[in-house]
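So the structure is just underneath, and the comments pick up after that.
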């Protein structure tokens, strides 16, 4: 047994109902972790120092739970900087750029993809992210989707099979044949490496009926359901996500009143991806509208080379506060507890006893600084388990 006491915490955010307020904040606090799990939190003066093998003093820093980034696409080749430049000059975003990343990814050897993936993971950790999901979707052949998930599984257990990202060029004249592949041989090959299945349910990608067939095929094989929907325009994707009890429906840029009501009445999390709106100049969705209706909201980076090439959860929090109507406290909750709910995890995103001891130590006195000082590297240290 190994026990570590982190003390000298100026502000500790726990999300533990045993402590005051919605964030469960403790001032002048300490955390005792035993074998990588939270054993105790409370005032430093009451800390069980005799139980600790090691004592770490953070000298008044704020400490929060590690961020939970529930939507990333970290395994890919090439980049799309030219596309971003053109978009900033006025060309609108469509889903078509995904195909250029598919070509670059297919051409990249495993070692190149693995090295890049490890650099992205290091970025995540440096910015306070301790739990993250990784999708496939840039291979779109049986062999390439399998290898992307196999590589992703080397860095996280939260892996998502996204063979239904777009229809690849070789199936442009027969998209139904591609759906058959995604629900057949490709699913068989990817199943050992995936926890989730996802579909880009959008104009230019997959219809609602195609999405239903793909998701139900994955669910029948034991995969959890996720869905990209309502990014480029309104549609029936949110209704489908709720119908299938998806863990999360992601983007939610264009929501009807019925969509909001459906989400509020379900356990499907609305995952907002503000880095996308920043990069594509699409309108930001209203997080305020969702929260006021009673829906569960998560924030995620959607780190990918086309529409949101950021790995920074603090940046996404700042955008959510400035552009989506969230308070700093709500943004922090969405980036931690919300992300955990989107992955249907109860062991991360908070610091209640029994949780993984995943901490982000801030070079700041309060969690508010994460939105108050956008772009500043405020995560001084990230501790996982």
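Residue numbers (my numbering): 29 to 413. Even for Gly, the Cβ is constructed at its ideal location relative to N, Cα and C.
Cα-Cα separation between residue 393 and residue 41, rounded to whole angstroms: Approximately 12 angstroms, taken between the alpha carbons.
Whole angstroms are fine: how far does the CA of residue 410 sit from the CA of residue 157? About 8 angstroms.
Considering residue 91, what are the terminal residues of the alpha helix (DSSP H) in which it resides? No alpha helix (DSSP H) contains residue 91, which is instead part of the beta strand (DSSP E) from 90-93.
Could you tell me whether the Cβ atoms of residue 334 and residue 133 are closer together than 8 angstroms? Not a contact, by the Cβ cut-off of 8 angstroms.
Bridge-paired residues (DSSP) for residue 234: DSSP lists 229 as partners of residue 234.
With DSSP as the reference, label residue 165 as helix, strand or coil. Annotated three-state conformation of residue 165 is coil, per DSSP.
Going by beta carbon distance, what residues of the same chain come within less than 7 angstroms of residue 315, once the five residues before and after it are set aside? Excluding residues up to 5 positions away in sequence, 300, 325, 348, 352, 353, 354 lie with their Cβ nearer than 7 angstroms to the Cβ of residue 315 in the same chain.
What did DSSP end up calling residue 189 once you bin it into helix, strand or coil? Strand.
Using the Cβ count rule (16 or more neighbours within 10 Å means buried), how would you classify residue 72? Burial call: buried.
Report the residue from 391, 413, 412 whose alpha carbon sits nearest the alpha carbon of residue 405. Cα-wise, what sits closest to residue 405 is 391.
Proximity below 8 angstroms, CB of residue 370 to CB of residue 376: In this structure, residue 376 does not lie closer than 8 angstroms to residue 370 by Cβ.
Residues that residue 160 bridges to, as DSSP identifies them: Answer is 97, bridged to residue 160.
Below 6 angstroms CB to CB, which residues in the same chain sit around residue 344 once its five sequence neighbours on both sides are set aside? Hits under 6 angstroms: 302, 303, 327, 329.
Nearest-angstrom Cα separation, counted from residue 56 out to residue 266: Cα to Cα, residue 266 sits roughly 43 angstroms from residue 56.
Have a look at 281, 307, 317 and flag the residue whose alpha-carbon is nearest the alpha-carbon of residue 289. Considering only alpha carbons, the answer is 317.
Work out the CA separation of residue 400 and residue 103 for me, nearest whole Å. Spanning the two alpha carbons is a distance of roughly 32 angstroms.
Can you have a look at residue 105 and say buried or exposed, based on whether 16 or more other CB atoms are within 10 angstroms of its CB? Burial call: buried.
The alpha helix (DSSP H) that contains residue 33, what's its start and end? Following the DSSP letters along the chain, one finds residue 33 in no alpha helix (DSSP H) but inside the beta strand (DSSP E) bounded by residues 31-41.
Along the chain, where does the alpha helix (DSSP H) that runs through residue 134 open and close? First-last of the alpha helix (DSSP H) with residue 134: 126-135.
Given this structure, state the Cα-to-Cα distance separating residue 149 from residue 180, to the nearest angstrom. The C-alpha of residue 149 lies about 10 angstroms from the C-alpha of residue 180.
So, under 8 angstroms CB-CB, residue 323 and residue 292 are touching, yes? Tell me the CB distance rounded to an integer number of Å. Yes, they are in contact, since the Cβ atoms of residue 323 and residue 292 sit about 5 angstroms apart, within 8 angstroms.
Beta-ladder partner(s) of residue 71, from DSSP: Partner residues in the beta bridge of residue 71, as assigned by DSSP, are 57.
Could you tell me whether the segment 219-236 touches the segment 188-206, using the rule of 3 or more Cβ pairs below 8 angstroms? Enough Cβ pairs lie closer than 8 angstroms, so yes.
Own chain partners of residue 84 with C-beta closer than 6 angstroms, once the 5 adjacent residues on each side are dropped: Only residues of its own chain outside the window of five on either side were considered, and among them 34 have a CB closer than 6 angstroms to the CB of residue 84, listed in chain order.
If you follow the alpha helix (DSSP H) that residue 139 is in, where does it begin and where does it stop? Counting along the chain, the alpha helix (DSSP H) containing residue 139 begins and ends at 138-154.
Using alpha carbons as the reference points, say which of 389, 363, 312, 39 lies closest to residue 97. For the set 389, 363, 312, 39, the Cα lying nearest the Cα of residue 97 is the one of 363.
Exposure of residue 94, with buried meaning 16 or more beta-carbon neighbours within 10 Å: Residue 94 should be labelled buried.
Please list the terminal residues of the continuous alpha helix (DSSP H) segment that includes residue 308. Per DSSP, the continuous alpha helix (DSSP H) segment holding residue 308 begins and ends at 302-308.
Relative to the alpha-carbon of residue 107, which residue among 125, 119, 91, 90 has its alpha-carbon at the smallest distance? Of the listed residues, the one whose Cα sits closest to residue 107 is 125.
Who are residue 371's beta bridge partners in DSSP? Looking at the DSSP assignment, residue 371 forms no beta bridge with any residue, so it has no partner.
Using only alpha-carbon positions, find the residue among 408, 395, 387, 402 that is nearest to residue 64. The candidate whose alpha carbon is nearest that of residue 64 is 387.
Are the beta-carbon atoms belonging to residue 164 and residue 177 less than 8 angstroms from one another? Contact: yes.
With respect to the beta strand (DSSP E) encompassing residue 85, which residues constitute its N-terminal and C-terminal limits? Residues 82-85.
Are residue 67 and residue 395 closer than 8 angstroms when you measure CB to CB? Result no, Cβ atoms of residue 67 and residue 395 do not sit closer than 8 angstroms.
With burial defined as no fewer than 16 other Cβ atoms inside 10 Å of the residue's Cβ, what is the status of residue 113: buried or exposed? Here residue 113 is exposed, its C-beta having fewer than 16 other C-beta atoms within 10 Å.
By the 10 Å Cβ neighbour count, where 16 or more other Cβ atoms means buried, how is residue 196 classified, buried or exposed? Of the residues assessed, residue 196 falls on the buried side of the cut-off, its CB having 16 or more other CB atoms within 10 angstroms.
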